[in-house]
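Residue numbers (UniProt numbering): 1 to 85.
Now the structure itself:
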């Protein structure tokens, strides 16, 4: 909730999440709040919602190659401290 002092109520009340996510709070109510928020912010028709520049294909490929490099270093040049042989 917001008043002249700023954000109060739900954000400062420890029991608020229980109230917000309880079975008595309907999905339709939460959906309406989300829709109103996106409309208020002017992003309801934005193609950028849910996307980030680092979640695309090229970044995933580069991240996977980096993981493979780390695995190769571990396998090829590190000693297993748990190996008793």
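Heads up, the beta-carbon is just placed ideally off N, CA and C, and yes, glycines get one too.
No experiment lies behind these values; they were computed from the predicted model shown.
In the structure shown, what three-state DSSP assignment does residue 65 receive?
-> DSSP, reduced to helix, strand and coil, places residue 65 within a helical segment of the structure shown.
Through-space distance from residue 54 to residue 33, alpha-carbon basis = Straight-line spacing of the CA atoms in residue 33 and residue 54 works out to 28 Å.
To the nearest angstrom, how far is it from the Cα of residue 81 to the Cα of residue 62?
-> Approximately 30 Å between the Cα atoms of the pair.
Segment limits, alpha helix (DSSP H) that includes residue 29 = In the DSSP assignment, residue 29 falls within the alpha helix (DSSP H) that extends over 27 to 41.
Using the Cα positions of residue 29 and residue 51, report the straight-line distance between them to the nearest angstrom.
-> Each residue's Cα considered, the two are about 25 Å apart.
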